[in-house]
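See structure below.
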Amino acid sequence: MGRAMRFGIFVSTAGRQSAGPETYETCLVREMLALDRENEYHVFCLNEAARRSFGIEQDNLAYHVLWPDNRWVSTLTSLPLGIRRTGVDLLHATVVAPPVSPQEYVFTMHCFSSFVRPELYPARIRVPLNSLILRGLRRSRLSLCVSGVVRDLVAERWGIPVEKMRVVHNGAGAEFRPVPDEEARATVRERYGIRDPYLLFVGQLKARKNVIRIVEAFARARAELGLPELKLVLAGRRIWSAEGIDEAIAAQGVRDHVVELGHLALADLPALYSAARLFVFPSLWEGFGIPVIEAMACGVPVLTSNVSALPEVAGGAALLVDPHRSDDIAEGIVRALRDGDLREELRRKGFERASQMTWRETARNTLAAYHEALGL
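Using the working numbering, read the sequence shown as starting at -5 and increasing by one per residue.
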């Protein structure tokens, strides 16, 4: 058997409440270290908050906090120096490519929306993001795409050979499992003051997540169902491009029926998912859509979009709607809440789909990609 390998992992969103990308980095590192105690891992973090966010310490893991506390400087200076000093055999750039790397790397391609839907991103975010994504795709030894849709679009747009890419799906952690109804409702009521029934959305509140149409559809469905007690719970923080949400809530007259919880830790989500009547995720574009699998793993029926990678991720276990039409989203909500047999079918299929997508499987496939990239 050969010597133990040294793997470097460059994380750029951990500890920053960055939703999907942060979940990916956190869960991947935790599962890689649980799976592999033979090889050495060096995690390069932008700050101490990122280091603390992983919550693990073991003999084959070392953290390296980059300096100075300015990512544009540290990724050009202390990151390449750290890569060279630690002697890693391979680097994994988990969200964005390093501007400079003295070692070859694999790169994870998460989403294509900043290229196909540029209007959903401020230029100050889109331009540097797209530049680092293209660098990663073109310079990496191997790219890990979180869905087949993303892989195919990369190949079509830039001619990256399919042989240079691997589809490695995201997943849900073991903590995402059904919480018994009464326990879940009691937890949600005591922790957040929210009573049954409610619809749930989880994700950052920004234009790409289609929050305005979710609000419009909720108001329409609530009226058609005759459920004045129905609420819409939004779990996620507002970031850039969140304009218009307050105006939509006011225009629909549902100010007292929409609850914003802000960013929540992963551990707080299973009860919130489990107590929901329906999980609504009609996003305009997703490279994967982690909350869809988390919701399925918790046994809540899922309504999501019929575009981008969401049908691939849902795998026939969700109700698909046109995210560009508020009325179609509303009709899906009404159908799901009225049809108990449909909800039970979605619940059953959702469990099966979620069982196929776990972070342990993501870690296993990622480790295999490391070995492939090194020719092992």
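Think of the CB as a built atom: it goes at the ideal place given N, C-alpha and C, for glycine as much as any other residue.
Using a threshold of 8 Å, state whether the C-beta atoms of residue i and residue j are closer than that.
i, j, result
"T69", "G2", "no"
"L40", "L60", "yes"
"A348", "M290", "yes"
"T71", "E19", "no"
"P295", "F273", "yes"
"I206", "I239", "yes"
"H58", "G76", "yes"
"W234", "P112", "no"
"L297", "G326", "yes"
"Y364", "V100", "yes"
"K225", "V253", "yes"
"M351", "H163", "yes"
"E210", "S107", "no"
"V110", "W353", "no"
Pop quiz: residue i and residue j are said to be a contact at Cβ under 8 Å. What is the actual Cβ separation, rounded to whole angstroms?
i, j, result
"S299", "L314", "7 Å"
"V307", "G283", "5 Å"
"F195", "P264", "Incorrect: roughly 16 Å between the Cβ atoms, too far for contact."
"G369", "L260", "About 35 Å; that fails the 8 Å criterion."
"A311", "E288", "Actually they do not touch by this definition, with Cβ atoms about 13 Å apart."
According to DSSP, simplified to helix, strand and coil, what is residue i?
i, result
"G130", "helix"
"A229", "strand"
"R160", "strand"
"M103", "strand"
"P141", "Position check: residue 141 holds Ser in this sequence, whereas Pro was assumed. If DSSP states are grouped into helix, strand and coil, S141 belongs with coil."
"V173", "coil"
"H257", "coil"
"R358", "helix"
"L370", "coil"
"G153", "coil"
"A85", "The sequence shown places Leu at residue 85, rather than the Ala named in the question. Three-state result, L85: strand."
"G9", "coil"
"I188", "coil"
"L336", "helix"
"R0", "strand"
"L219", "helix"
"A363", "helix"
"V110", "helix"
"V205", "helix"
"A213", "helix"
"P116", "coil"
"S95", "coil"
"V182", "helix"
"V90", "coil"
Using the DSSP secondary-structure output, state which residues sit across from residue i in a beta bridge.
i, result
"A245", "Per DSSP, none; premise fails for A245."
"S72", "Paired residues: none, contrary to the question."
"T352", "A166"
"L194", "V227 and F273"
"V252", "L226"
"E237", "Beta-bridge pairing links E237 to no other residue."
"G344", "Answer by DSSP bridge pairing: none, since G344 is not bridged."
"L199", "R232"
"L136", "V100"
With a threshold of 7 Å (Cβ to nearest heavy atom), would residue i be considered close to the ligand NAP?
i, result
"D262", "In the structure shown, the ligand NAP is absent, as is every other ligand, since no ligand is present at all."
* To do: For the segment 269 to 328, list the alpha helix (DSSP H) runs that are entirely contained and at least 4 residues long, ordered along the chain.
  => 284 to 291 and 304 to 308
* **Sequence ranges, beta strand (DSSP E) only - wholly within the segment 17 to 73, length at least 3** => 34 to 39 and 55 to 59
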